[in-house]
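Student: For the sequence shown, our numbering begins at 860 and goes up steadily by one. Idealized CB from N, CA, C, for every residue including glycine.
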Amino acid sequence: MRILSAQVDVDKREQTVLVGDQVSYMCRVAVPLQYCRVEIPGLRSYNLNRGISNADVSYYGEGLDAGQCGFTVHRAKDDNNGEIKCTLGIASEAQESVGTMSLVVARAPKLPELDLSRGADDLNVYKVDDVLRATCVIRDGRPVANISWYLGDELIDVGELSMPTVVDLAKENLQSKVQNLTRRLRASDNAKFLKCVGYHPAYAGGQAETKRRLDIKYPPLPQRQPIEEFGYEIGKTGVINVTIQANPKPTIEWTVNGQKIREGSHDNTGIMEAEYAQDLGNGMFIASLRIARISKQDTEKDYILTAYNDQGSEDYRVKISTNPEPKGYEIGVAAIVGIVVAIMFVILIVSILIFAKLNGRWCFSGGATVIDYTGGDNQHHHSDLTSDGVDNPQHQVSTEYINGNDLIKKDDKINTAV
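Rendered as structure tokens:
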């Protein structure tokens, strides 16, 4: 004869706590208990009831008579990590009933380790379109840490990440996590920090990060041409400013009426001065041409700025005007998209109306039947089209057709005396 034990219902089969935290479990059955014994890693086996408690573990619940074997660990220690067992004795059963739970006492992993592949020149300097491969490892945590990747303040898309790998260290029940990133670099990535952020309950503040600043070389980037500058005044000093994005810092040269003016020098009249480019940081620079006295002729000239570095060069054509800057000149991308969508909508509506008129659809259809009662012969005149512009098969005499497409019914004509 097989002896079966009662099914033990366990609340919260797994809990994660920090060292020093209090944690409680409950094992219960539907019948009264004779005894309640618990086994916790790092502690002795305890026989518990409402009248017995000690400094490490105490009973909680409504009593053994209620079928409850609950207990509280007052201060969790690292060596309490592991499987907890509750053993319940029932008077009507020869075999003990056992419930099992898991207590995870969190241990902070090591700080994230971030390793980057080298650039095309076998250095930690990259170029646009280089493929960056990076690996983040967070070692020896309990439980395993979570990893997120950021470039600057932006979360990196999961499409650039591999599935993370978890490595178990069975001896101390510790786990490590490894994840790889593959990204084709672009100019906008320059000077941003690539960050591997680890999240774990035992980290101070719940997270820790390791970051590396990306140094990406690229030539001066093109802009909308020509660059138009407004608000200059005849007879007064004027400065033409052009913002350039490049890495490394570009060398600049202005060309005005065929004369080249290198940065830090004047033209042959001494009126124009090409100032040294100002470094704004993160690959942004301002090139300035100072004109001591603006004349009308100056507003009619083309100003060509050439910027170059070891990655390439770019020309920027500038026009200046004494007019104030037009309202809405600096129109945003969203506004441009809105205008284009509105124009396309108007074109669509006009096209639909033209199509409807040509095909006699909707409000352009000739759907009404007109009967002329004024004619001497009292003849009826019918429209040959239905309201949707389709030829009406019943435009002759309605009694000649049976169910639309059936054969025509031939009636003998009856001669009526006049």
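Does F1204 pass the burial test, meaning 16 or more other C-beta atoms within 10 Å, or should it be called exposed?
Tutor: exposed
Student: How far does the beta strand (DSSP E) with D1174 in it reach, from first residue to last?
Tutor: G1171 to I1179
Student: Per DSSP, what are the beta-bridge partners of I1145 in this structure?
Tutor: T1102 and Q1137
Student: Cβ of F1052 within 8 Å of Cβ of I1103?
Tutor: Against a cut-off of 8 Å, the Cβ pair of I1103 and F1052 comes out as no contact.
Student: Just mark M951 as buried or exposed, buried being the case when its beta carbon has 16 or more other beta carbons within 10 Å.
Tutor: It is Ser, not Met, that sits at residue 951 in the sequence shown. Around the beta-carbon of S951, fewer than 16 other beta-carbon atoms lie within 10 Å, marking it exposed.
Student: Please classify P968 as buried or exposed, where buried requires at least 16 other C-beta atoms within 10 Å of its C-beta.
Tutor: Classification of P968: buried, given that the 10 Å Cβ count is 16 or more.
Student: Quick check on T1158: does DSSP put it in helix, strand or coil?
Tutor: helix
Student: With a threshold of 8 Å, are at least 3 pairs of Cβ atoms found where one atom belongs to the region 1167-1174 and the other to the region 1071-1078?
Tutor: yes
Student: If you follow the beta strand (DSSP E) that F930 is in, where does it begin and where does it stop?
Tutor: Q927 to V932
Student: So does the region 942-958 actually touch the region 863-871, counting three or more Cβ pairs closer than 8 Å?
Tutor: Segments in contact, yes.
Student: Y1175 to E1088, Cα distance in whole Å?
Tutor: 13 Å
Student: For H1059, write down the residues that DSSP places opposite it in a beta bridge.
Tutor: DSSP lists no partner for H1059.
Student: Helix, strand or coil, according to DSSP, for E1087 in the structure here?
Tutor: strand
Student: Name, in chain order, the residues that DSSP records as bridge partners for I1111.
Tutor: A1166
Student: Over what stretch of residues does the beta strand (DSSP E) that includes L1044 continue unbroken?
Tutor: Taken as a continuous stretch (DSSP letters only), L1044 belongs to no beta strand (DSSP E), as it is neither H nor E.
Student: Can you name, in chain order, every residue of its own chain whose Cβ lies under 7 Å from the Cβ of R1045, other than the five neighbours on each side?
Tutor: V987
Student: Can you grab the Cα-Cα spacing for the pair K1186 / R1149, in whole Å?
Tutor: 26 Å
Student: Would you call the region 922-941 in contact with the region 897-907, where contact means no fewer than 3 C-beta pairs closer than 8 Å?
Tutor: yes
Student: When you compare only the Cα positions, how much space is there between E873 and L907?
Tutor: If you draw a straight line from the Cα of E873 to the Cα of L907, it is about 21 Å long.
Student: Report all residues from its chain with a CB closer than 7 Å to the CB of A1146; omit the five preceding and five following residues, and keep chain order.
Tutor: V1101, I1103, I1111, A1136, L1164 and A1166
Student: Taking the beta strand (DSSP E) that N906 belongs to, which residues open and close that run?
Tutor: DSSP places N906 inside the beta strand (DSSP E), whose first and last residues are S904 to N906.
Student: For D1048, count the other beta carbons within 10 Å of its own beta carbon; 16 or more makes it buried, fewer makes it exposed. Which is it?
Tutor: buried
Student: Secondary structure at D1012, three-state DSSP: helix, strand or coil?
Tutor: coil
Student: When DSSP labels each residue in this structure, what does K944 get in the three-state scheme?
Tutor: If DSSP states are grouped into helix, strand and coil, K944 belongs with the strands.
Student: With a 10 Å radius around its C-beta and 16 neighbouring C-beta atoms as the bar for buried, classify N1218 as buried or exposed.
Tutor: exposed
Student: By alpha-carbon positions, which one of A925, L1020, V1098 and Y1009 ends up nearest to C1055?
Tutor: For C1055, the closest C-alpha among the options A925, L1020, V1098 and Y1009 is that of Y1009.
Student: Mark S976 as exposed unless 16 or more other C-beta atoms lie within 10 angstroms of its C-beta, in which case mark it buried.
Tutor: Exposed, since its Cβ has fewer than 16 Cβ neighbours within 10 Å.
Student: Do you know whose CA, among G941, C886 and I1099, lies nearest D1157's CA?
Tutor: That would be I1099, whose Cα lies nearest to the Cα of D1157.
Student: CA-CA distance, N1127 and I1179?
Tutor: 21 Å
Student: For K1054, which residues does DSSP report across the bridge?
Tutor: According to DSSP, which records beta bridges pairwise, K1054 is partnered with Y1009 and K1070.
Student: Quick one, which of D880, G926, E972 and G948 has its alpha-carbon nearest R896's?
Tutor: G948
Student: With the cut-off set at 8 Å, would you say D974 and T994 are in Cβ contact?
Tutor: yes
Student: By alpha-carbon positions, which one of N1039, R887 and G1065 ends up nearest to Q927?
Tutor: Comparing Cα positions, the closest option is R887.
Student: Just to check my reading of the structure: I1006 and Q1038 have Cβ atoms closer than 8 Å, yes? What is that Cβ distance to the nearest angstrom?
Tutor: Indeed they touch by this definition, with Cβ atoms about 5 Å apart.
Student: From the DSSP output, in three-state form, read off I1150 for me.
Tutor: Correct three-state label for I1150: strand.
Student: Whose CA, out of P971, I1015 and L982, lies closest to the CA of G1000?
Tutor: Of the candidates P971, I1015 and L982, the one whose C-alpha sits nearest the C-alpha of G1000 is P971.
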